[in-house]
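All remarks here apply to the structure that follows.
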Amino acid sequence: MVTSSSPLSPRWRYHYAASGLVLCLILVSWGGVVTSIEAGLAVPDWPTSFGSYDPLATGYSDPEDPDARWWQVGPILAEHGHRLLGALVGLWVVGLALWTLIADSRRWVRIVAVSAVGLVVVQGVLGGLRVIWASMDLAVVHAMGAQLFFCTAAALTLFNSRTWLEHSIEGSSKIRRLRTLTIATAAAVYIQILLGALLRHPGDGVDLIFVTIHASGSVVALSLVIVTCGNIREYFNDKPILNRGAWWMLISLGVQMVLGMVTLTVLLFDSGQGTRSLVQVILSSSHLVVGTILMGSCACVMLGTLRVQGEQ
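Just so we're aligned: 165 in numbering that gives the first Met the number 0 is position 166 of the sequence shown, and the numbers increase by one with no gaps anywhere.
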């Protein structure tokens, strides 16, 4: 018998997964800063950094200031720090996968955990190729891959939570309809984040066409989130596995809409500046982070509709 104090207990695995999920969110926000200050190519090589495999010292040198270190240069700190944080997330997910393989008897959870390792490897390679090829297209793919990985990390956290293990839903036509609705909502939010990535990554000012499309997409995503949460409140308000995620969706959606409007206003007023201001960087990165939380919440609610009675 596995007790709650045992290392094999889902309780400890949940806390480990949740802490890593926070780390993933920090990584996403750091990546947002890299994009906002256009520091993606500040370190011009990969997998080395300035020709060195030493992740802490790097091979950085400044002929004009031999005593300067990489962390004293803003763009290099952003890009190389992003690489180091990505490596830390990679170690975390490998640890979670090994723990899951050893302690979790659910075969499908093991598959998800191993898939997460594969995803983080692909993400690292995409980030590296984006640098080597100086490809803006790969930067967008890398950004969207980060969303998929975050959703996978959120799913692994959910699967080890008491909410998942102790609560289930009776199979019915209502849950099947909700499942379809949550899939549509998650897809709409993902597409909306993609449009945001296409708007952010070119780095050559505000494209009014993309702004219009992104704003229109926000109306679709807003409507679907509200309908989904209304459906949950009406028919499944007593189901924590759905109700808690719905609250996360609503709160993050509200914050996201406000951030989006403020960010756009600031960008339009400051569009004549050659570089982005600190306010622009903070707002744009915050908009990305809250969008990621919304995406993860949608994914967890969608998965919650699969938690039919008798299954774990």
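All C-beta atoms, glycine included, are put in the ideal place defined by N, C-alpha and C.
1) Grouping DSSP H, G and I as helix and E and B as strand, with all else coil, what is I36?
2) Could you check the C-alpha separation between C299 and K173 for me, to the nearest Å?
3) Please report how far the alpha carbon of G295 lies from the alpha carbon of A67, in whole angstroms.
4) Thinking C-alpha only, which one of T162, I250, R105, V119 is nearest C150?
5) How many whole angstroms separate the CB atoms of A187 and A142, which I take to be in contact at a CB cut-off of 8 angstroms?
6) Going by the beta-carbon positions, is the gap between V280 and L252 smaller than 8 angstroms?
7) Ignoring anything shorter than 4 residues, give me the alpha helix (DSSP H) runs that lie fully in the stretch 218-305, in order along the chain.
8) Along the chain, where does the alpha helix (DSSP H) that runs through T179 open and close?
9) Which one or two residues does DSSP pair with S51 in a beta bridge?
10) Would the stretch 100-110 and the stretch 67-78 be scored as touching if the rule is three or more Cβ pairs under 8 angstroms?
11) Cβ of R312 within 8 angstroms of Cβ of W98?
12) For G127, which residues from the same chain have a beta carbon less than 7 angstroms from its beta carbon, with the 5 sequence-adjacent residues on both sides left out?
13) Can I231 and T162 be called in contact, C-beta distance under 8 angstroms?
14) How is R105 classed by DSSP in three states: helix, strand or coil?
15) Taking V42 as part of the alpha helix (DSSP H), name the residues at either end of that continuous run.
16) Pick helix, strand or coil for D66, following the three-state DSSP scheme.
17) Pairs of beta-carbons, one from the stretch 73-90 and one from the stretch 153-167, closer than 8 angstroms: are there three or more?
18) Are the Cβ atoms of Q122 and I192 separated by less than 8 angstroms?
19) Using the rule of at least 16 other Cβ atoms within 10 Å of the residue's Cβ for burial, across every protein chain shown, is Y52 buried or exposed?
20) Go through its chain and collect everything with a Cβ distance to A183's Cβ below 7 angstroms, but skip five positions before and after it.
21) Considering only residues of the same chain and omitting the five flanking positions on each side of G39, which have a CB-CB separation below 8 angstroms?
22) Skipping 5 residues on each side, what residues in its chain have a beta carbon closer than 7 angstroms to that of L20?
Concretely, from the data shown:
1) coil
2) 18 angstroms
3) 40 angstroms
4) V119
5) Incorrect: roughly 18 angstroms between the Cβ atoms, too far for contact.
6) no
7) 239-268, 277-303, all fully within the stretch 218-305.
8) 172-199
9) S48
10) no
11) Nothing can be reported for residue 312, as the shown portion of the chain is limited to 0 through 311.
12) W45, P46
13) no
14) coil
15) Per DSSP, V42 belongs to no alpha helix (DSSP H) and is neither H nor E.
16) coil
17) no
18) no
19) Classification of Y52: exposed, given that the 10 Å Cβ count is below 16.
20) Within the same chain, A183 has close Cβ partners L223.
21) V33, E78, R129, V130, A138
22) Closer than 7 angstroms at Cβ, skipping near neighbours: A152, A153, T156.
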